[in-house]
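Counting from 1 along the sequence shown, just add 867 to a position and that's the residue number in our numbering.
Glycine is no exception: its CB is placed at the ideal position from the N, C-alpha and C atoms.
The model shown is predicted, which means the values in this text are computed figures rather than measured ones.
Report on one structure; see the data block that follows.
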Amino acid sequence: MKIFILHLFWMLSLSGIANSQFKTDPFLEKILLSDQDSISQKLIHQPDKFRVQIIYTMIDRDSDNRPRFKNYYFHVGRDFYFYPASTVKLPLAILSLEKLNRLHQPGIDKFTRIEFDSSYSGQKELISDSSSETGYPSIAQFIRKAFLISDNDAYNRMYEFVGQQELNRRLHSLGFQETRIVRQFMPLTESENRHTNQIRFLDTKDKLIYLQPPAFNKDSFQFSQMVKIGKGYLDARDSLINEPMDFTRHNRIPLKDLQQMLQAVLFPLSVPESKRFALRPADYLFLYRYLSQYPSETPYPKYDTSVFYDTYLKFYFQRGGRQIPANIRVFNKVGWAYGFLTDVSYIVDFKNHTEFMLSSTVYVNEDSILNDNKYEYDSIALPFLYRIGQDIYQYDLHRERKFKPDLKNFQVEYEHRDPADLRPSIKDVDN
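In structure tokens form, the structure reads like this:
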């Protein structure tokens, strides 16, 4: 028996479950269990297998409209690893705007033309962007692409601009000590991920304004918690490796950190000054717009809306159709890869004066083979996130509030696509 227990503990440590202190509030658990949908029941009753974590953030306003936040948890553990996938684009977009502000370079802002050199092995240069109105790359365009359809190259470019050392030091200084962003979405070695490109900012007359030299991160990282998932995986040559996939040295963001990052952006006064991002009012407005704007509203980039429809990246509403009711907006970032599906959202209903945050992650991989593109996203994960999204929305919609929230700060002025615009639409992206 003693040998069996030790073996079980070893297996749990490989999967990233050991030493996790899961937090579950009976209040949230009761809401989730009240849904008799078969998929919801299956996942809520097997949270370890499906690696389910959920945070419902209830928001109440006082008489001066100041928000107060109360988090309710289901099966949330800071040591319970999930692959964050594209949710890492949220902090990269924020830190890119922060860095622009710190440069204090005349003529440089998020709309300034930017070029990337190839300064080290694995790097790729970038001098143009046909999706932008100017035909050139910019930090603004990277953020649009990262939020609108979760473009991977946009993330890579922001990673290269901020730099591996700076982005991790900054996140740790804000209190996100367990967050680690060490990889781009390209097949690079650890050394290549530590190197970032030489970057140039140019004015409208092609004159160099600022040159950022190549950088190398000398800081060490803590990889003490071993995380291995599944029973096998396909390697870069599509060969089956019959052992768990090792996520120990991959990107990592606890779900609570993602929720706090989004809250700090949307409600900066709700967090201590030491934990606020160094953003300007125009930066916040820009982030609000593209966290919630739809591809169908966006002229640059011009995405094909039959592929990138309004609910494409709004998982809590996706199974309800391709459009969200006009009175609702979702400010969020999602991620999906290796069977993990994550959505961190702030949802606001202007008509019914309802607002709340919902953050969740789930893992679906019945064959336990990773990197084979055989995951139950459509049959299990997305229906599950839709159900919990609607369950929490309906609860929050009908609960009593002492004070009705004034939500005008989130009534963003969105762009409009010209129906007469005959430019080809973008259908294929790496996301």
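Query raised in the report: residue 1056: buried (16+ other C-beta within 10 angstroms of its C-beta) or exposed?
Result: Counting from one through the sequence shown, the residue named residue 1056 turns up at place 189. Label assigned to residue 1056: exposed.
Requested in this report: Would you kindly work out how many angstroms separate the C-alpha atoms of residue 1297 and residue 931, rounded to a whole number?
Outcome: For the purposes of this step, residue 1297 is taken as residue 430 along the sequence shown, with counting starting at 1. For the purposes of this step, residue 931 is taken as residue 64 along the sequence shown, with counting starting at 1. Distance between the alpha carbons of residue 1297 and residue 931: 45 Å.
Requested in this report: Give the single residue among 1110, 1203, 1091 and 1143 whose Cα lies nearest to the Cα of residue 1116.
Outcome: Start at 1 with the first residue of the sequence shown, and residue 1116 comes out as number 249. Checking every option, the nearest Cα to that of residue 1116 belongs to 1091.
Query raised in the report: In three-state terms, what does DSSP make of residue 1053?
Result: Numbered from 1 along the sequence shown, position 186 holds the residue referred to as residue 1053. Three-state DSSP puts residue 1053 in coil, outside helix and strand.
Query raised in the report: According to the neighbour-count rule (16 or more other Cβ atoms, all chains shown, within 10 Å of its Cβ), is residue 1082 buried or exposed?
Result: Start at 1 with the first residue of the sequence shown, and residue 1082 comes out as number 215. Buried is the call here.
**Report entry** residue 1025: first and last residue of the uninterrupted alpha helix (DSSP H) it sits in
**Finding:** Along the sequence shown, read from residue 1 onward, the residue named residue 1025 stands at position 158. Start and end: 1019-1029.
Query - Under the three-state DSSP convention, the category residue 875 falls into - result: The residue labelled residue 875 in the question sits at position 8 within the sequence shown. Note that residue 875 scores 44 on pLDDT, short of 50, meaning its location in the model is unreliable; the coordinates nonetheless yield the value given after this. Here residue 875 sits in helix by DSSP.
**Report entry** Start and end residues, alpha helix (DSSP H) containing residue 896
**Finding:** Looking up residue 896 in the sequence shown gives position 29. Its alpha helix (DSSP H) spans residues 893-900.
Report task. Report yes if the CB atom of residue 1185 is closer than 8 Å to the CB atom of residue 1281, and no otherwise. Result -> The residue labelled residue 1185 in the question sits at position 318 within the sequence shown. The residue labelled residue 1281 in the question sits at position 414 within the sequence shown. Not a contact, by the Cβ cut-off of 8 Å.
Query raised in the report: Under 8 Å between the Cβ atoms of residue 1012 and residue 1168?
Result: Mapped onto the sequence shown, residue 1012 falls at position 145. Mapped onto the sequence shown, residue 1168 falls at position 301. Yes.
Requested in this report: Just tell me which of 965, 909, 912 and 895 has its CA closest to the CA of residue 1145.
Outcome: Within the sequence shown, the letter at position 278 stands for residue 1145. Measuring from the Cα of residue 1145, the nearest candidate turns out to be 965.
Requested in this report: Please determine if the segment 970-981 and the segment 997-1011 are in contact, where contact requires at least 3 C-beta pairs separated by less than 8 Å.
Outcome: yes
Query raised in the report: Do three or more CB pairs link the segment 1240-1257 to the segment 978-995 at distances below 8 Å?
Result: no
**Report entry** Complete alpha helix (DSSP H) runs within the segment 910-989 (minimum length 4 residues, chain order)
**Finding:** 956-970
Report task. Have a look at residue 1275 and residue 1261 and give me their C-alpha separation to the nearest angstrom. Result -> Within the sequence shown, numbered from 1, the residue matching residue 1275 stands at position 408. Within the sequence shown, numbered from 1, the residue matching residue 1261 stands at position 394. Distance between the alpha carbons of residue 1275 and residue 1261: 22 Å.
Query raised in the report: Cβ atoms of residue 1024 and residue 1164: under 8 Å apart, would you say?
Result: Sequence index remark: in the sequence shown, residue 1164 carries index 297 (1-based). Sequence index remark: in the sequence shown, residue 1024 carries index 157 (1-based). Going by C-beta atoms, residue 1164 is not nearer than 8 Å to residue 1024.
Query raised in the report: Which residues in the same chain have their Cβ closer than 6 Å to the Cβ of residue 956, if we skip the five residues on either side of it in sequence?
Result: The sequence position of residue 956 within the sequence shown is 89, counting from 1. Once the five neighbours on either side are set aside, the close Cβ partners of residue 956 are 1013 and 1022.
Report task. Over the uninterrupted alpha helix (DSSP H) stretch that includes residue 1256, give me the two end residues. Result -> Residue 1256 sits at position 389 when you count from the first residue of the sequence shown. That run of the alpha helix (DSSP H) goes 1249-1265.
Query raised in the report: When the Cα atoms are used, what is the spatial distance from residue 1061 to residue 1037?
Result: The count along the sequence shown starts at 1 and reaches residue 1061 at position 194. The count along the sequence shown starts at 1 and reaches residue 1037 at position 170. Looking at the two C-alpha atoms, the distance is approximately 16 Å.
Requested in this report: Look at residue 1223 and residue 1214 and say whether their C-beta atoms are less than 8 Å apart.
Outcome: Numbered from 1 along the sequence shown, position 356 holds the residue referred to as residue 1223. Numbered from 1 along the sequence shown, position 347 holds the residue referred to as residue 1214. Yes. Within cutoff.
Query raised in the report: Given a threshold of 16 other Cβ atoms within 10 Å of its Cβ, counted over all protein chains shown, does residue 905 qualify as buried or as exposed?
Result: Numbered from its first residue, the sequence shown carries residue 905 at position 38. Per the 10 Å Cβ criterion, exposed.
**Report entry** Three-state secondary structure (DSSP) of residue 839
**Finding:** Since the first and last residues shown for the chain are 868 and 1298, residue 839 lies out of range.
Query - Beta-bridge pairing of residue 1047 - partner residues as DSSP gives them - result: Within the sequence shown, residue 1047 is the residue found at index 180, counting from 1. Answer by DSSP bridge pairing, in chain order: 1119.
Query raised in the report: Measuring CB to CB, does residue 1097 end up less than 8 Å from residue 1236?
Result: One-based indexing of the sequence shown puts residue 1097 at position 230. One-based indexing of the sequence shown puts residue 1236 at position 369. Cβ distance < 8 Å, so residue 1097 and residue 1236 count as in contact.
Query raised in the report: Quick one: what's got a C-beta closer than 7 Å to residue 1312's C-beta in the same chain, skipping five residues either side?
Result: Examination of residue 1312 is not possible in this model, given that the chain is present from 868 through 1298 alone.
Query - Between the CA atoms of residue 1268 and residue 1142 - distance to the nearest angstrom - result: One-based indexing of the sequence shown puts residue 1142 at position 275. One-based indexing of the sequence shown puts residue 1268 at position 401. Looking at the two C-alpha atoms, the distance is approximately 28 Å.
Report task. Keeping to the same chain, check which residues put their C-beta closer than 7 Å to that of residue 1166; ignore five residues upstream and five downstream. Result -> Looking up residue 1166 in the sequence shown gives position 299. Excluding sequence neighbours, residue 1166 sits near 1282, 1284, 1285 and 1288.
Query - Alpha-carbon to alpha-carbon, residue 1135 and residue 913 - result: The residue you call residue 913 lines up with position 46 of the sequence shown. The residue you call residue 1135 lines up with position 268 of the sequence shown. Approximately 36 Å, taken between the alpha carbons.
Report task. Identify, in the order they occur along the chain, each residue of the same chain with its Cβ nearer than 7 Å to the Cβ of residue 1080, setting aside the five sequence neighbours on each side. Result -> In the sequence shown, residue 1080 corresponds to position 213, counting from 1. Excluding residues within five positions, the ones whose Cβ falls inside 7 Å are 1065.
**Report entry** Reduced DSSP category for residue 1224 - H, G, I as helix; E, B as strand; rest coil
**Finding:** By 1-based counting over the sequence shown, the position of residue 1224 is 357. Residue 1224: strand per DSSP, three-state reduction.
Requested in this report: Tell whether a beta-carbon distance below 8 Å holds between residue 1137 and residue 1130.
Outcome: Residue numbering aside, residue 1137 sits at position 270 when the sequence shown is read from its first letter. Residue numbering aside, residue 1130 sits at position 263 when the sequence shown is read from its first letter. Against a cut-off of 8 Å, the Cβ pair of residue 1130 and residue 1137 comes out as a contact.
Report task. On a CA-only basis, which of 1133, 1020 and 920 is nearest residue 1148? Give me that one, please. Result -> By one-based count along the sequence shown, residue 1148 stands at place 281. Cα-wise, what sits closest to residue 1148 is 1133.
Requested in this report: Tell me where the alpha helix (DSSP H) around residue 1157 begins and ends.
Outcome: Walking along the sequence shown from the start, residue 1157 turns up at place 290. Where residue 1157 is concerned, the enclosing alpha helix (DSSP H) stretches over 1148-1159.
Requested in this report: Alpha carbon to alpha carbon, how far is residue 1220 from residue 1027? Give it in angstroms, no decimals.
Outcome: Within the sequence shown, the letter at position 160 stands for residue 1027. Within the sequence shown, the letter at position 353 stands for residue 1220. If you take the alpha carbons of residue 1027 and residue 1220, they lie about 41 Å apart.
Requested in this report: Please check the pair residue 1228 and residue 1120, which I expect to be a contact at CB under 8 Å, by giving their CB distance rounded to whole angstroms.
Outcome: On the sequence shown, position 361 is the one that residue 1228 refers to. On the sequence shown, position 253 is the one that residue 1120 refers to. Wrong, their Cβ atoms sit about 10 Å apart, outside the cutoff.
Query - Beta-bridge pairing of residue 1112 - partner residues as DSSP gives them - result: In the sequence shown, residue 1112 corresponds to position 245, counting from 1. Per DSSP, 1096.
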